[in-house]
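Residue numbers (the working numbering), protein chains in the order written: chain A, 418 to 856; chain B, 433 to 575. Don't be surprised by glycine CBs; every beta carbon is placed ideally from N, CA and C. Note sheet for the following structure.
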């Protein structure tokens, strides 16, 4: 494809008609309810999604001429329901699908399709339960992590295949394939449209939280591509988190995750410099932090803490983030409390990276000697071998102890390990500075 | 993106006539929907302009004027701050709002400035000052 064609294609996509943009907006607002209502009526998420897509196609055909109806959600539901009835009558795809489900088509026709009106069902009070079921099914353990992410964004976030593909920098066909396979897997495994109970619920909830946080981090840390951050994905994840907090308000970790995301996102504007360079937390301009998000985050953390019990890993990380959010200047940071929270986190969710962070906090709270002691215990940790932040942290502590030759050596090592060019330069400079001040 | 949704005043809201129980219930349900969708960041109703004040600036002079103010249609009765994927999403959400006055009324949707929109006018010194102000506010709130 030549450059001219690419530009033409891009501007085509960039300038859809006003009606199409409005339909996209309606879809983002209505699709989850629609799919959830249909999934409850017909017992199968994959089929529900197909029906909802059919309804969307019908809307894309009709609405540019007729205008958007007053109650677009009800229109989409009625249309989807009619498609379902057509399919029952023709018996084609649905029969095959129903056989996969191992259920009798005739019985299902009677019990759900013809005498129940999903449009009315969707408006009743149970819709919240259906939306929760939808998220839980999309994060079922029979699905791979990538499939869970794609399906959650598609079913609950209302994102199109193309939007998911662009957000994750993979070809659209890959995402489409992932979603098709995921829907088939759910049908084949006869995954019921329900929220599991007991231990299974706890496990599934942690899968749901993991998926949401993964989406958030994909946006926040942008592992590849030109941008350091893709804020759209962060906002999608935060919306999903807030939605989940409304649906499952009794789970402290849901509020913990919401708090963590809101407080982290509050720094989005401050963590990138004018030329795109990353700015470390302690050097950030705190006036650029988003105090509306901080307020929301602190309130969510408060809810998690009020629900009682031992704080989970998300709530603990949120509490650490909150320590920074509450400090009016970097110097005012309560490092003692942060060290204690890392201590708790190391017990709940032990990991060498948490230990390294704990060492940093201890070094800030109780002096470089205490921090160094902890870092040295991590020296032989195999998972940290090749991790540039281990020598970088050690170098920083040694520098503060005025052991400059050793510090320089550590900074050199860190510089050779990082894959980020900007970071490499910063670390090399620090090594040089250490050596200069000794001579 | 963030959008400020402005509820314009009308003669009822300016006269301090409280909305009907029906409208209050419908608004409550709508707000719940906005919260459940993760869209609403803030929202408040405000008293009639009779309880408001204006500070008028003329060069270095300051003059304080008590409400009520005349131009009803330009006055506010309330506002929301929403976080949405686009202005189109905000419009679709706004269309779902119960008619705030029962008769003729309007909502005005305005995208919120991001700090970067200010460009070079917003110098590092101004940022620094805002940082201190914000930190003061945060401290007072936490105290």
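Own chain partners of residue i with C-beta closer than 8 Å, once the 5 adjacent residues on each side are dropped
i             : result
residue 500/B : 446, 480, 481, 482 and 484
residue 602/A : 559, 560 and 564
residue 469/A : 448, 451, 452, 455, 493 and 497
residue 470/B : 515
residue 821/A : 815, 851, 852, 854 and 855
Beta-carbon contacts of residue i that lie in its chain and below 6 Å, excluding the five residues immediately before and after
i             : result
residue 759/A : 774, 775 and 778
residue 702/A : 687
residue 609/A : none
residue 744/A : 750
residue 570/A : 576 and 581
residue 521/A : Annotation note: pLDDT 46 at residue 521/A (below 50); position unreliable, coordinate value reported separately. Excluding residues within five positions, none has a Cβ falling inside 6 Å.
residue 756/A : 778, 779 and 782
residue 731/A : 670, 673, 674 and 677
Supposed close pair residue i, residue j - CB separation, criterion 8 Å
i             : j             : result
residue 664/A : residue 548/A : 6 Å
residue 489/A : residue 554/A : Actually they do not touch by this definition, with Cβ atoms about 25 Å apart.
residue 771/A : residue 792/A : Contact doesn't hold; Cβ gap of about 13 Å is too wide.
residue 635/A : residue 650/A : 5 Å
residue 516/B : residue 433/B : 7 Å
residue 620/A : residue 676/A : Incorrect: roughly 22 Å between the Cβ atoms, too far for contact.
residue 542/B : residue 436/B : 5 Å
Cutoff 7 Å; reference residue i; Cβ partners in own chain excluding five residues on either side
i             : result
residue 504/B : 441, 442, 443 and 446
residue 535/A : At residue 535/A, the pLDDT of 45 sits below 50, so the modelled position is not reliable; the number obtained from the coordinates is stated separately. Within the same chain, residue 535/A has close Cβ partners 454, 455, 458, 494 and 498.
residue 747/A : 699
residue 831/A : 805, 808, 809, 812 and 844
residue 595/A : 563, 564 and 567
residue 475/A : 496
residue 589/A : 578, 579 and 582
residue 753/A : 782
residue 713/A : 679
residue 531/B : 537
Residue-level contact to chain B via CB, residue i, 7 Å cutoff
i             : result
residue 469/A : no
residue 820/A : no
residue 442/A : yes
residue 660/A : yes
residue 697/A : no
residue 445/A : yes
residue 450/A : no
residue 576/A : no
residue 506/A : no
residue 809/A : no
residue 656/A : yes
residue 476/A : no
residue 439/A : yes
residue 454/A : no
residue 663/A : yes
residue 674/A : no
residue 861/A : Because chain A is modelled from 418 through 856, residue 861/A falls outside the range shown and cannot be assessed.
Test: residue i CB closer than 7 Å to a CB of chain A
i             : result
residue 524/B : yes
residue 457/B : no
residue 533/B : no
residue 468/B : yes
residue 507/B : no
residue 473/B : yes
residue 498/B : no
residue 520/B : yes
Candidates the options, of which the one nearest residue i by Cα
i             : options                       : result
residue 438/B : 477/B, 491/B and 517/B        : 477/B
residue 519/B : 439/A, 636/A, 828/A and 658/A : 439/A
residue 618/A : 652/A, 552/A, 680/A and 599/A : 552/A
residue 473/A : 451/A, 461/A and 827/A        : 451/A
residue 472/B : 527/B, 512/B and 526/B        : 512/B
residue 655/A : 623/A, 681/A and 583/A        : 681/A
residue 767/A : 733/A, 740/A, 477/A and 835/A : 733/A
residue 624/A : 604/A, 817/A, 658/A and 714/A : 658/A
residue 840/A : 752/A, 697/A and 757/A        : 697/A
residue 724/A : 754/A, 672/A and 756/A        : 672/A
residue 615/A : 503/A, 822/A, 691/A and 668/A : 668/A
residue 465/A : 850/A, 628/A, 704/A and 597/A : 597/A
residue 612/A : 803/A, 586/A, 557/A and 730/A : 557/A
residue 481/A : 435/A, 461/A, 463/A and 491/A : 435/A
Beta bridge counterpart(s) of residue i as assigned by DSSP
i             : result
residue 436/B : 513/B and 542/B
residue 467/B : According to DSSP, which records beta bridges pairwise, residue 467/B is partnered with nothing at all.
residue 472/B : 514/B
residue 498/B : 485/B
Chain E within 7 Å of residue i, Cβ atoms only
i             : result
residue 464/A : The structure shown has no chain E; the protein chains it does contain are A and B.
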